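One point on numbering: in UniProt numbering, the residue at position 389 of the sequence shown is 389, and numbering is uninterrupted.
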Amino acid sequence: MRVLRQRPIRVTYTIDESSDETDVDCKSTVSEGELIERTVNINPFGQKDFPIWQCYSCELGFRDHLDFYSHVTNMHSEFLDVKMKARISRPVKKGRVFCGVCRDIFDSHEEHETIHYSTKLGKGAMIECTNCYKTFDTVDQMKAHHSKAHTIVRPSIYQSCCVCKRLFNNRNVRDQHFITHLPFIVQKTMEKVDQMHVFMGELSIGNQCPLCGFIVSTRKSLRQHAIFQHCLRSFDDLQKFLGPKLEGIDKNELKIVKKVISNPDLLWKRSRQTVSECDTGRVKQEVVKVKAMDDLDASLMSKKVKLEPNSEEEIILDENFRESQKRNQLRAYMLQIGVDPENPTKCRICGEEQDDLILLEVHLAMKHINLAKNRSAIPSSEDSDSSYSST
């Protein structure tokens, strides 16, 4: 993206002969009549973090003029005149210090810092850290805590792909990349999932895993669930999706699957995620906002404010509830008439054996769904036993 920049403005500083300030500690290396020029880049978009003060010697940018003035004084003092002023309010006299928070001059910085950190007034006031909720008795204790807990740069921990050794910032991005090494398995697995959904008919729910019944929000999440929770966990689940003999699977993909199943730590090893610096101050602000929202909800509840839903929303919610209730009722009835309590993996209607109860439920949805549709009421267990035990 191309960023437009305004034309640079040339700013000239001259020597003020009428100034009688003599307590500025700077080196006298430039004649009084020499002019000092620098370039100021104007921010065209009004960004707060845009460096508007630029050093004329090393071209470093600064957001604050005082930081720029300190840089020139310390790094390029040979270019600085004795009596040149950088728009500071007044020179700092000996024995006085400048506060970087409120931009003012005080006699004692230690006493003044309590204004910025103290959360209480009076006797026994505690000094609270600006980034967390810990309190301290003195400013020195707070500074030691801040330098130890909030300014230490911790090394980042990356998640690596066990196939190509590529590094990623988090495990979610790594997992999305990892399935690109298994294109055939992913394609065949999703085709089998769609086929199971078609066979189950009304018993199936959108984005629901046909093996374990886990429901996700998107098809992408369903794909991740089927691959990482079934295909890469055990060969039994992999065979349920791709067939018992695993015919036609690429040998390289099969090697990757065997490698992951034999060593689960390659994908599921839990490690602490660290960042360069944790912005606990932002977390503290969010906690305060959430607390304010909770207080608002409590006040609304105390006033008994009732939000009436729209009539159209009530109709839609009622229809969705009826559909889900009907689907659950049909599913429960199919399990009642088709599952034998003594042998849960055998179909009580046709006598066909299945590997587990999940596949038996899929079998009932594929072969015997019409039995539940033709009956308007669910019969008792005795009627179902006498009706279907002989068939």
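Glycine is no exception: its CB is placed at the ideal position from the N, C-alpha and C atoms. Every value quoted in this text rests on a predicted model; they were computed, and no experiment measured them.
Short of 7 Å from the beta carbon of Y158, and not among the five residues preceding or following it, lie these beta carbons of its own chain, in chain order: L167, F168, N169. The beta carbons of G338 and L359 sit no closer together than 8 Å. By the Cβ-count criterion, F241 is buried, with 16 or more other Cβ atoms from all chains shown falling within 10 Å of its own Cβ. If you draw a straight line from the Cα of T345 to the Cα of P183, it comes to about 33 Å.
C347 and V163 have their C-alpha atoms roughly 43 Å apart.
The beta carbons of M190 and V362 sit no closer together than 8 Å. Per DSSP, Q141 is one residue of the alpha helix (DSSP H) stretching across 139-149.
In the DSSP assignment, K255 falls within the unbroken alpha helix (DSSP H) covering 251-262. The continuous alpha helix (DSSP H) containing Q224 extends over residues 219-226. In this structure, L232 sits away from V186, with a CB-CB distance that is not shorter than 8 Å. Between I179 and I215, the CB-CB gap reaches or exceeds 8 Å.
Beyond the five residues adjoining it in sequence on each side, L266 comes within less than 6 Å, by CB distance, of C162, V260 in the same chain, given in chain order.
L211 and K165 have their C-alpha atoms some 32 Å from each other. Apart from sequence neighbours up to five positions away, the residues of its chain that approach H145 with a beta-carbon distance below 8 Å are C129, K134, F136, ordered along the chain. Straight-line spacing of the CA atoms in Q239 and K326 works out to 32 Å. Within the same chain, N207 come within 8 Å of T218 by CB-CB distance, once the 5 residues on both sides are set aside. A residue is called buried when at least 16 other Cβ atoms come within 10 angstroms of its Cβ; F68 meets this threshold and is buried. In this structure, I256 sits away from H368, with a CB-CB distance that is not shorter than 8 Å.
L357 is bridged by DSSP to nothing; it lacks a bridge partner. Rounded to the nearest whole angstrom, the C-alpha separation of N370 and V193 is 22 Å. Under the criterion of beta carbons closer than 8 Å, H71 and L60 qualify as touching, at roughly 7 Å. Here the alpha carbon of I205 sits roughly 25 Å from the alpha carbon of N172. The beta-carbon separation of D175 and Q224, rounded to 7 Å, stays under the 8 Å limit for a contact. Rounded to whole angstroms, the gap between the alpha carbons of K220 and C55 is 51 Å.
Here the alpha carbon of S160 sits roughly 15 Å from the alpha carbon of N263. Note on geometry: alpha-carbon atoms of N374 and L335 lie some 16 Å from one another. The shortest CA-to-CA distance from P341 to any of N328, L357, R331, Q329 is the one to L357. K188 is the residue among I349, K188, H150, S108 whose C-alpha sits nearest the C-alpha of L246. In this model, D237 and M366 are separated by some 20 Å (Cα to Cα). Looking at the DSSP output, K346 sits in a beta bridge with E353. Here the alpha carbons of R331 and N343 stand approximately 19 Å from one another.
Between Q354 and G243, the alpha-carbon positions lie close to 14 Å from each other.
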